[in-house]
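Working notes for the structure below.
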Amino acid sequence: MIIDRAEVVVTSPDRNFVTLKLTTDDGLTGLGDATLNGRELSVVSYLRDHVVPLLLGRDAARIEDTWQFLYRSAYWRRGPVTMAAIAAVDVALWDIKAKAAGMPLYQLLGGACRSGLLAYGHASGKELPELFDSVREHQEQGFRAIRIQSGVPGLVNIYGIASNARFEANAGVRYDHEPAQRGALPAEEDWDSRAYLRHLPTVFEAVRNEFGPELPLLHDAHHRLTPIQAARLGRSLEPYDLFWLEDCTPAENQEALRLVRRHTVTPLAIGEVFNTVWDYQQIIREQLIDYVRSAVTHTGGITHLRRVLDFAAQYQIKSGMHGPTDISPVGMAAALHLGLAIHNFGIQEYMPHGAKTNAVFRQTFTWDNGLLHPGEQPGIGVDLDLDEAGKYPYAQAYLPFNRLADGTVHDW
Ligand code: GCO
Ligand code: MG
1 MIIDRAEVVV
11 TSPDRNFVTL
21 KLTTDDGLTG
31 LGDATLNGRE
41 LSVVSYLRDH
51 VVPLLLGRDA
61 ARIEDTWQFL
71 YRSAYWRRGP
81 VTMAAIAAVD
91 VALWDIKAKA
101 AGMPLYQLLG
111 GACRSGLLAY
121 GHASGKELPE
131 LFDSVREHQE
141 QGFRAIRIQS
151 GVPGLVNIYG
161 IASNARFEAN
171 AGVRYDHEPA
181 QRGALPAEED
191 WDSRAYLRHL
201 PTVFEAVRNE
211 FGPELPLLHD
221 AHHRLTPIQA
231 ARLGRSLEPY
241 DLFWLEDCTP
251 AENQEALRLV
261 RRHTVTPLAI
271 GEVFNTVWDY
281 QQIIREQLID
291 YVRSAVTHTG
301 GITHLRRVLD
311 FAAQYQIKSG
321 MHGPTDISPV
331 GMAAALHLGL
341 AIHNFGIQEY
351 MPHGAKTNAV
361 FRQTFTWDNG
371 LLHPGEQPGI
381 GVDLDLDEAG
391 KYPYAQAYLP
401 FNRLADGTVH
411 DW
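FYI, in full-length UniProt numbering the residues of the sequence shown are 1 to 412.
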């Protein structure tokens, strides 16, 4: 099992994806997702220019050693580009090892802890009727937990709201919410925290009145609030019994969450932009969160995210892995194997990909009665069709950014 080929494949079926494909001298192949939304080519360069030359000739069986070598020998540690590149290598090696063992990856990780993974989908609407329709559509698709994002009076373009117009202008595909847009410049969105804080509790009240008390509801504040605003939001949403409130503050200031926690019992989820266990050190040890949002793709792969989740488990903190459309089917498959095997699984975010993406990445996962399962094919269960991938060259795309009414740039 010597690595003798390493290819970095960039394809843009419905959006950009970066995939690492490793091939061993005995013909086994492994895939890893290295997609970093809006900054894809930096990871391509990191892999092609600096990592691929180090992989050729290495023993593919030595996953932990390769992880430590890539992390420690670079000297410049952590960061989204580095950790996405290491994640891609790590997942590709786990894929190869599981194929060599003739097992689906979750078996190699210790076997299933449950029959399937509870997943949540994204309902959104500018106004309540549109939002209610979106919730109903998700229930019809089988979702048993639903994220709620709503328009805010006075704001025109805001995070989390699906828009047909946007996708006609983009790839012609309507995802529930896909923020990155093709083009030479990032789109500008609007923000006003006071208007949002006034409006959101009324939305949750209306949704609870319409759909009853049982449906698990989630919400993403997308890093926009100050600690005291986040505390107020958490408290004002308590009557509506959220499954979680996500990214209430820009949590690279881990201490901010002490203040939020002091004021609210709404469960908190954080971490989709984190990439190592060090980003979680204080908030896990001090029990300032309830769910870890990191994706396998952005957190150093199966090897490192498992370490984060094992640390979290000591504090009854659960997984809530990031699963938007910018996590490729390869990254999603890795998440499903890990989620099935760990004891402290909480919930999996699930935004289905478009038809073109599914033709590039052929998958074995199943979606049944609100539960995801990675399937039984040896490895992670994804095959990359290089002919299909070749049809869709990279297209420049950016995530949007926010400005306040007076023109100040705000956290997006
Ligand atoms: C989520 C996320 C996404 C991100 C996107 C950025 O909770 O799913 O916040 O919507 O904005 O993944 O690339
Ligand atoms: Mg989020």
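The beta carbon of each residue, even a glycine, is placed where N, CA and C say it ideally should be.
- Around S134, the same chain offers A123, S124 and G125 as residues with beta carbons nearer than 7 Å, after the five sequence neighbours per side are excluded.
- Counting along the chain, G301 sits inside the alpha helix (DSSP H) bounded by residues G301 to A313.
- Taking each of Q254, F274, Q287 and H353 in turn and checking the Cα distance to V265, the smallest one comes out for Q287.
- For E189, the pairing in a beta bridge is given by DSSP as N402.
- A distance criterion of 7 Å places the beta-carbon of H222 in contact range of ligand 2, judged by its closest non-hydrogen atom.
- Per DSSP, the beta-bridge partners of Y120 are A145 and E349.
- Rounded to whole angstroms, the gap between the alpha carbons of T303 and P213 is 38 Å.
- Residue burial is scored here from C-beta neighbours: A355 has fewer than 16 other C-beta atoms within 10 angstroms and is therefore classed as exposed.
- A Cβ-Cβ separation of about 4 Å places L109 in contact with A341 under the 8 Å criterion.
- By the beta-carbon neighbour count (other beta carbons within 10 angstroms, threshold 16), Q141 is exposed.
- Note that the C-beta distance between F243 and A145 is below 8 Å.
- Cβ contact annotation for R232 (same chain, cutoff 7 Å, sequence separation greater than five): L197, in chain order.
- Rounded to the nearest whole angstrom, the C-alpha separation of E7 and P80 is 20 Å.
- Taking the CA atoms as reference points, S193 sits about 29 Å from A119.
- Partner residues in the beta bridge of K318, as assigned by DSSP, are Y291.
- W67 is classed as buried because its beta carbon has at least 16 other beta carbons within 10 Å across all chains shown.
- L55 is not a Cβ neighbour of K99, given a cutoff of 8 Å.
- DSSP places D65 in the helix class (H, G or I) of the three-state scheme.
- In terms of CA proximity to M1, L93 leads the group V89, V292 and L93.
- L197 carries a helical assignment under DSSP once its states are collapsed to helix, strand and coil.
- Here the C-alpha atom of C248 lies approximately 43 Å from the C-alpha atom of R58.
- Counting every other CB atom within 10 Å of its CB across the protein chains shown gives E64 a total below 16, marking it as exposed.
- Not one heavy atom of ligand 2 is found less than 7 Å from the C-beta of D326.
- For E64, the shortest separation between its Cβ and any heavy atom of ligand 1 does not lie below 7 Å.
- Per DSSP, reduced to three states, the secondary structure at E255 is coil, with no helix or strand assignment.
- Closer than 7 Å to some heavy atom of ligand 2: that does not describe the Cβ of E7.
- The region 342–362 and the region 312–331 touch, with no fewer than 3 CB-CB distances between them shorter than 8 Å.
- When the five nearest sequence neighbours on each side are left out, the beta carbons in the same chain lying within less than 8 Å of the beta carbon of A112 are those of Y106, L340 and A341, in order along the chain.
- Of all alpha-carbon atoms in R15, S12, G271 and F143, the one lying nearest the alpha-carbon of H298 is that of G271.
- Ranking F143, H50, V18 and Q181 by CA distance to the CA of N369 puts F143 first.
- Here H263 is near R235, since their CB atoms are less than 8 Å apart.
- Excluding the 5 residues flanking it on each side, P227 has same chain C-beta neighbours closer than 7 Å at T249, A256, L259 and V260, in chain order.
- If you ignore the 5 residues before and after D95, its C-beta comes within less than 6 Å of the C-beta of G30, L31, G379 and I380, all in its own chain and listed in chain order.
- By the CB criterion at 8 Å, H219 and Y159 fall outside the cutoff.
- The shortest CA-to-CA distance from Q139 to any of P216, E205, Q181 and L70 is the one to P216.
- Relative to the Cα of V203, the nearest Cα in the group A180, L155, S150 and N253 belongs to S150.
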